[in-house]
Amino acid sequence: MLHIGIMGGTFDPIHLGHIQLAEHALNEVYLDRILFMPNHTPWMKRNRDILAIEHRLNMVRLAIEDNPAFELSLVEIEAAGDSYTYQTLETLKENFPKETQLYFIVGADSLFNMEDWVHPELILQNAVILAAVREGRDKEALHEQKERLIELFGGEIRLLSMEQVDISSTRIREEFYQSQDVKEMLPKKVAEYITQNHLYQNEV
Ligand code: ATP
Ligand code: MG
Numbered sequence: 009m010l011h012i013g014i015m016g017g018t019f020d021p022i023h024l025g026h027i028q029l030a031e032h033a034l035n036e037v038y039l040d041r042i043l044f045m046p047n048h049t050p051w052m053k054r055n056r057d058i059l060a061i062e063h064r065l066n067m068v069r070l071a072i073e074d075n076p077a078f079e080l081s082l083v084e085i086e087a088a089g090d091s092y093t094y095q096t097l098e099t100l101k102e103n104f105p106k107e108t109q110l111y112f113i114v115g116a117d118s119l120f121n122m123e124d125w126v127h128p129e130l131i132l133q134n135a136v137i138l139a140a141v142r143e144g145r146d147k148e149a150l151h152e153q154k155e156r157l158i159e160l161f162g163g164e165i166r167l168l169s170m171e172q173v174d175i176s177s178t179r180i181r182e183e184f185y186q187s188q189d190v191k192e193m194l195p196k197k198v199a200e201y202i203t204q205n206h207l208y209q210n211e212v
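Residues 9 to 212 in the numbering used here are what the sequence shown spells out, letter by letter.
Here it is as structure tokens:
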């Protein structure tokens, strides 16, 4: 049986929080691989400009190239128009052998949003959710939310033992042009790519 993790995100930019989350999922759950799946135009983020997809893809490639279990997936990028997670999971199910178990990997903020996603019950039907703590949501809050979602929608949610990693793309976008600190939140090659391509240079 194949065990495939899916790490969806805007990756604007990809950072060490994403990488650590994926590594934890890989090692704790014995996944065979993890697909990094950048999204096109996330409906929750319509109100801000998102960096061109070419740059986001290049950064994901640089961030994952040293780990043979990490792979780039263009499923959401190639889907026409909006892509919702439940549809993405259905597409992946069709593309993998029948005995494949999918795992959808999220940080706490996503777990707390999941009720507002389109067809959460189908997401939980097609994938085990792996969730990690993140800013302001401790393990207890996460546990409660897990129980709540399972009661509402069924399925399986597992909490990862990862300690909190205080990194976000928002902070990197806001501070990259003025601070060395945020460079440490990025894989080295991604920080270099941002500098070389003069990305995130303006105050936002
Ligand atoms: P933004 O600030 O633009 O929303 P982000 O840092 O939240 O960016 P996303 O691309 O939105 O990154 O996140 C993709 C997934 O990775 C989400 O499920 C999110 O919860 C998770 N994630 C991102 N950063 C972390 C982190 N530091 N710890 C745990 N999970 C994280
Ligand atoms: Mg986010």
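Note that CB positions come from ideal geometry on N, CA and C, so glycine has one too.
All figures in this text were calculated on a predicted structure; none of them were measured in a lab.
#1: Specify whether the stretch 95–109 and the stretch 55–72 touch according to this definition: at least 3 beta carbon pairs, one from each stretch, less than 8 Å apart.
#2: Spatial neighbours of residue 29 within its chain, please: C-beta separation below 8 Å, excluding the five flanking residues on both sides.
#3: If you draw a straight line from the C-alpha of residue 77 to the C-alpha of residue 10, how long is it?
#4: State the CB to CB distance for the pair residue 59 and residue 20, rounded to an integer number of angstroms; the pair is presumed to be in contact (CB under 8 Å).
#5: Quick one: Cα of residue 73 to Cα of residue 184, how far?
#6: Residue 117: beta carbon under 7 Å from a heavy atom of the ligand MG?
#7: Between which residues of its own chain and residue 147 is the CB-CB distance below 8 Å, once the five residues before and five after are set aside?
#8: Are there 16 or more other CB atoms within 10 angstroms of the CB of residue 160, so buried, or fewer, so exposed?
#9: Can you check DSSP and say which residues form a bridge with residue 15?
#10: Are the beta-carbon atoms belonging to residue 13 and residue 43 less than 8 Å from one another?
#11: Tell me, which residues are paired with residue 114 by DSSP?
#12: By the three-class DSSP mapping on this structure, what secondary structure does residue 80 have?
#13: On the CB-based measure, 16 or more other CB atoms within 10 Å of its CB, does residue 198 come out buried or exposed?
#14: Tell whether a beta-carbon distance below 8 Å holds between residue 180 and residue 208.
#15: For the ligand ATP, any of its heavy atoms closer than 7 Å to the Cβ of residue 33?
#16: Where do the ends of the beta strand (DSSP E) carrying residue 165 lie?
In short:
#1: no
#2: 15, 113, 115, 140, 168, 170, 173
#3: 13 Å
#4: 5 Å
#5: 23 Å
#6: yes
#7: 141, 167
#8: exposed
#9: 44
#10: yes
#11: 139
#12: strand
#13: buried
#14: yes
#15: no
#16: 165–167
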